[in-house]
Structures are given as C-alpha cells and as structure tokens.
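Accompanying notes for the structure given below.
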Amino acid sequence: MVIITMLRGGTTFPDEQQYVDLAGAAARGELNEQLWRGYAVELHRSAGAFTRPLSLIYKVTGEERVVAQLFAACFGVALAALIALVVTRNFSKRAGLCAGLVSALWPSQVLFSSTVLRESEVWLALLVLSVCLSIGRTASRTTGLATVLGVIAGLITLTYLRPQTAVIAGAAVVLAAAVQAALSHRVLPLVVLTAVASVIPATAGNGFFGERLIRTRGADLDIDRVELAVGAQSKLVKLPAARTDVETAPKDTEPTTAKANPTKPPSAMNDKPKCEGNVISGGPDKGKPCAIGDAGEAIVVETESRVRTVARGLLAMLVLPLPWSSDGSITSRFAQAENLLWFVLYGAAAVGAWKQRRRFGEIAFPVIMIAGIVGVGALSQGNVGTAFRHRGQILWALIILSAPVFEQLGRRFATARTTRQGA
Numbered sequence: 000m001v002i003i004t005m006l007r008g009g010t011t012f013p014d015e016q017q018y019v020d021l022a023g024a025a026a027r028g029e030l031n032e033q034l035w036r037g038y039a040v041e042l043h044r045s046a047g048a049f050t051r052p053l054s055l056i057y058k059v060t061g062e063e064r065v066v067a068q069l070f071a072a073c074f075g076v077a078l079a080a081l082i083a084l085v086v087t088r089n090f091s092k093r094a095g096l097c098a099g100l101v102s103a104l105w106p107s108q109v110l111f112s113s114t115v116l117r118e119s120e121v122w123l124a125l126l127v128l129s130v131c132l133s134i135g136r137t138a139s140r141t142t143g144l145a146t147v148l149g150v151i152a153g154l155i156t157l158t159y160l161r162p163q164t165a166v167i168a169g170a171a172v173v174l175a176a177a178v179q180a181a182l183s184h185r186v187l188p189l190v191v192l193t194a195v196a197s198v199i200p201a202t203a204g205n206g207f208f209g210e211r212l213i214r215t216r217g218a219d220l221d222i223d224r225v226e227l228a229v230g231a232q233s234k235l236v237k238l239p240a241a242r243t244d245v246e247t248a249p250k251d252t253e254p255t256t257a258k259a260n261p262t263k264p265p266s267a268m269n270d271k272p273k274c275e276g277n278v279i280s281g282g283p284d285k286g287k288p289c290a291i292g293d294a295g296e297a298i299v300v301e302t303e304s305r306v307r308t309v310a311r312g313l314l315a316m317l318v319l320p321l322p323w324s325s326d327g328s329i330t331s332r333f334a335q336a337e338n339l340l341w342f343v344l345y346g347a348a349a350v351g352a353w354k355q356r357r358r359f360g361e362i363a364f365p366v367i368m369i370a371g372i373v374g375v376g377a378l379s380q381g382n383v384g385t386a387f388r389h390r391g392q393i394l395w396a397l398i399i400l401s402a403p404v405f406e407q408l409g410r411r412f413a414t415a416r417t418t419r420q421g422a
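Numbering (numbering that gives the first Met the number 0), first residue to last: 0 to 422.
Below, the structure written as structure tokens:
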C-alpha cells in the first residue's frame, strides 16, 4: 500500500498533508506562532508523540513522504503482531494467527497505516494499555511494576497524540482496574492506576482526569460538529445559511484590517458583529456560538436535541455508510464495501464476549473502550468520513473479543483438513 500511494503521488487525505507540512516545518526550524495562525504550534504540541519523532526523522532523511508513510506503517505492523501474540497467549496459535491476519489485512487499517496519519499509533497505544492491564491482573510484584510503567507510557503517548482519546482511555483504565479489584480483592493496583490516570492529563494542561478538556470540549460540541461538517461531502449536520451580517476573516489569511481595505473607514470596519473565538461579539445574536466556513463566512451554530444528535452519531460511528447510499466518491464506495466486514465482526465480538464472560476482568478494558469511543464519537462527529476513521480505534478491541470465534473457526478448519487428508 505504501508503494502504491508513493507511485500515485500526493496525499490521500487533507489531514495527511497537514502532518507532512507540519513535520517539514518543524524539521526546517520554521515552526512558529505565525504558521497557520498559531494552529501549527498547537497541533505540534497536542500530537507531539507523532509529529516530533517524524520531524526528527525528516531532519535525518530529508522530507521524503515515503519515509513518513513507513514510520506510520511500523505502528500498524506492530499492532497486528501484538494482537496475534495476545490471542495466542489466551487461546491458540491458530486463533492468534487468524486475529493477526484480520488486523493486518483489514482494508481501512491497511490504508490508514500506510498514510501519514496518527491513527495507527493511537491503535497501538490503546492495545498496549489493554495488554498491560490483562497481564497485571495476576502478575508478580516485579511484573506488576512493569505493567504499571506500560500503562504510564501508553497514557502519556495518547495524551500527546489524541488528548480526547487519552481521557477516555484513562477513565477506562480506572474502571477496568476497579472490575479487577472487585474480582481479585487487590486494591493497590486500583489506587496506583487511579493516581496515574488522574495526573497524566494534567501534565498537558488538561486538568486532573482531563476535567479541563472535558469542560471546554463539552461546551463546544455543537461547534465541533459544525466545523467537522464544513466542506465535507458526508456531513451529518445541516449547516445554517452563512451570515453576511457577521464579519470574520478567511481561515488561511491574515485578519481583515483597515490597512488592507483602505476604501473603508475604520468605523465601517467595526460596525458589523464579529465571529471571534467561536462566539458572536455583538448584534442581536451576541453571545451565540459560531463557526467559520471554508470561504471565511460566519455560521451561527444552533443547539440541537441531544437525543437526535446521539442517535445520528451512533449510526455514523457504527453503521454508516450504508451499502445502498453513496456520495459518489471512491472512498465512500470502499467504506460501504468494508462495512459488510464490520457487521460480521460486530457479531463475532458479541459472541466472543459472551463466551469470555467468566474472564471479564481480562476483557473489561476493551469493552469499556468500545463504549467510550463510540459514545463520545456519537456526541462529537460531524461527518461520516471522520466517524468511520475514528471507528478504527475500536477494531483492535473487537478482534480481541472475537478470539473465541477465531478459535472455533480454526478448529473446524483443522478438522476439515484432517478429514480430507484421511479420505
């Protein structure tokens, strides 16, 4: 896949070009507050676990896109190998091989692992957390310390990779540790992991347990959905008409000033209300949330019913795009075809989770992460494409839950093969 995209040239997704440009700017020493109106510095900080190593690699190898693709692909390869090892440890080599192949050959996983996106590193960090919690459940003191260090490394990586996923993972670590404490009557791991999960988000300025991030992002959910819908073919939100009576500046240019528009006196420049900091500064809509469209137009954000938002978001996170609906793009058609695989995996994971119910202490983290990722995504997603990509964060968990089904399929295949050889 890396070779195909390299030969094709360019980037597959807009976000991919963003990371390529950001890492290149950092490698050249050109990263500053003026780049992308300050957003570049903020992204480099919040996604530093991906962009910082990539910029260091660029300094050594030069700004070759294929090198960045190989960097992301390494995480995907490690993910498939670790899934195979985890399933083999708990079941059999046949089941482990099957689980590893599902991860390695899953179409969107192959795609996102071979493009310059942070997705594959997010998946690997989540799986590392799951493995550490599973091993630490019955580990000795020395091994237990190693698993705690693994949890710390996983949460720090996520905190500086995708902060909102890190907060969900931190909560899942605490809840899974609580389940394990209730089953094993060992309270110390719960206390230690709770302290870890509370402190790490604060190191990035997100508050203890990520409460500051939850508060600020929770208040902006309606704005986030609209901004994700702007310019998207598969938008989930019906965008209100642009407001010509509200002044704003295009996203990629410097703010409009009287100097840039000498024909307008300063007083005329300031008569219109402005969309600043996602809030309208004046006029009859003063204080209402707003977003900026692709052409720099202001969009007043209307609050929607939470029930309707969640229902639509759950469909996007788990079901869409439906096989018979398409926006005509090739990526949408690929997603439609892959969705059939998702439906099969949902069923396998449900059956596998039921069969592993007596081992709930080991599968608690994957189950909780699925609920957390899907729940938060249902509240925040604004287009089907982004929701589909973020759905990839739960694939590793579904594969682990499906392990008993892989085991059963492996046995049937081995029996059928033996029968054919004996015939």
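Here a beta-carbon is modelled for each residue, glycine too, at the ideal position from N, C-alpha and C. Every value quoted in this text rests on a predicted model; they were computed, and no experiment measured them.
(message) Does Ala203 come out as helix, strand or coil in the three-state DSSP assignment?
(response) Taking the sequence shown and counting its residues from 1, one reaches residue 203 at position 204. In the structure shown, the three-state DSSP call for Ala203 is coil.
(request) Decide if Leu55 is buried, meaning its Cβ has at least 16 other Cβ atoms within 10 Å, or exposed. (result) As a first step, residue 55 is located in the sequence shown; it is residue number 56 there, counting from the start. The residue in question, Leu55, is exposed, as its Cβ has fewer than 16 Cβ neighbours within 10 Å.
(request) Give every residue of the same chain whose Cβ lies closer than 6 Å to the Cβ of Arg311, excluding the five residues on either side of it in the sequence, and list them in chain order. (result) Translated into positions along the sequence shown, residue 311 becomes position 312. By the criterion of a C-beta distance shorter than 6 Å, Arg311 is surrounded in its chain by Leu235, once the five residues flanking it on both sides are discounted.
(message) The alpha helix (DSSP H) that contains Val115, what's its start and end?
(response) The residue given as residue 115 occupies position 116 in the sequence shown. Val115 -> no alpha helix (DSSP H), and no H or E assigned at all.
(message) In the DSSP assignment, the beta strand (DSSP E) including Ala290 goes from what residue to what residue?
(response) Translated into the one-based positions of the sequence shown, residue 290 becomes position 291. Element bounds for Ala290: Cys289 to Ile291.
(message) Taking only three categories from DSSP, how would you classify Glu361?
(response) Along the sequence shown, read from residue 1 onward, the residue named residue 361 stands at position 362. DSSP places Glu361 in helix when its eight states are reduced to three.
(request) Taking only runs that begin and end inside the segment 68-145, name each unbroken alpha helix (DSSP H) of 4 or more residues, in chain order. (result) 92-104, 106-112 and 118-135
(request) Please name the residue in Leu96, Asn89, Leu116 and Gly95 whose C-alpha comes closest to that of Arg64. (result) Against the sequence shown, residue 64 aligns to sequence position 65. For the set Leu96, Asn89, Leu116 and Gly95, the Cα lying nearest the Cα of Arg64 is the one of Leu116.
(message) For the segment 28-39 against the segment 102-109, do three or more pairs of beta-carbon atoms, one drawn from each stretch, fall closer than 8 Å, so that the two count as touching?
(response) no
(request) Express the C-alpha separation of Ile398 and Val101 in angstroms, rounding to a whole number. (result) The residue labelled residue 101 in the question sits at position 102 within the sequence shown. The residue labelled residue 398 in the question sits at position 399 within the sequence shown. Going by the C-alpha atoms only, they are around 8 Å apart.
(message) Closer than 8 Å is the cut-off here; do at least three beta carbon pairs connect the segment 165-179 with the segment 190-208?
(response) yes
(request) Have a look at Ala203, Gly61 and Gly381 and flag the residue whose alpha-carbon is nearest the alpha-carbon of Val229. (result) Numbered from 1 along the sequence shown, position 230 holds the residue referred to as residue 229. Comparing Cα positions, the closest option is Gly381.
(message) For Leu368, tell me which candidate among Ala39, Gly99 and Ser129 has the shortest Cα-Cα distance.
(response) Taking the sequence shown and counting its residues from 1, the one referred to as residue 368 is at position 369. One detail in the question is off: residue 368 reads as Met in this sequence, not Leu. The shortest C-alpha separation from Met368 is found at Ser129.
(request) From the DSSP output, read off the bridge partner residues of Ile279. (result) Taking the first residue of the sequence shown as position 1, residue 279 is located at position 280. Cys274, per the DSSP bridge assignment.
(request) Give me whichever residues DSSP pairs with Asn382 in a beta bridge. (result) The sequence position of residue 382 within the sequence shown is 383, counting from 1. Its beta-bridge partners are Lys234.
(message) Here's the rule: buried if 16 or more other CB atoms are within 10 angstroms of the residue's CB, otherwise exposed. What is Thr417?
(response) Here residue 417 corresponds to residue number 418 of the sequence shown, with the count starting at 1. Burial call: exposed.
(message) I'd like to confirm something about Ser129: is its beta-carbon nearer than 6 Å to some heavy atom of the ligand HEM, or not?
(response) Inclusion of the ligand HEM in the displayed structure is not the case, the ligand content being empty and no account of it being possible.
(message) Can you give me the C-alpha to C-alpha distance between Phe364 and Lys273, rounded to a whole angstrom?
(response) For the purposes of this step, residue 364 is taken as residue 365 along the sequence shown, with counting starting at 1. For the purposes of this step, residue 273 is taken as residue 274 along the sequence shown, with counting starting at 1. If I take the Cα positions, the gap works out to 45 Å.
(message) Please state the DSSP three-state secondary structure of Val229.
(response) The residue given as residue 229 occupies position 230 in the sequence shown. Reduced to three states, the DSSP call for Val229 is coil.
(request) Could you check what DSSP says for Gly312 in three-state terms: helix, strand or coil? (result) By 1-based counting over the sequence shown, the position of residue 312 is 313. In the structure shown, Gly312 sits in a helix (DSSP, three-state: H, G or I).
(request) Taking the CB atoms as reference points, tell me whether Leu212 and Ser379 lie closer together than 7 Å. (result) Against the sequence shown, residue 212 aligns to sequence position 213. Against the sequence shown, residue 379 aligns to sequence position 380. Result no, Cβ atoms of Leu212 and Ser379 do not sit closer than 7 Å.
(message) Applying the 10 Å Cβ sphere with the 16-neighbour rule, what's the burial state of Arg184?
(response) Looking up residue 184 in the sequence shown gives position 185. For the sequence presented, residue 184 should be read as His rather than Arg. So His184 counts as exposed.
(message) For Gly61, count the other beta carbons within 10 Å of its own beta carbon; 16 or more makes it buried, fewer makes it exposed. Which is it?
(response) Residue mapping note: residue 61 aligns to position 62 of the sequence shown, counting from 1. Gly61 should be labelled exposed.
(message) By the three-class DSSP mapping on this structure, what secondary structure does Lys285 have?
(response) Translated into the one-based positions of the sequence shown, residue 285 becomes position 286. Here Lys285 sits in coil by DSSP.
(request) Put Thr156 into one of helix, strand or coil per three-state DSSP. (result) One-based indexing of the sequence shown puts residue 156 at position 157. Thr156: helix per DSSP, three-state reduction.
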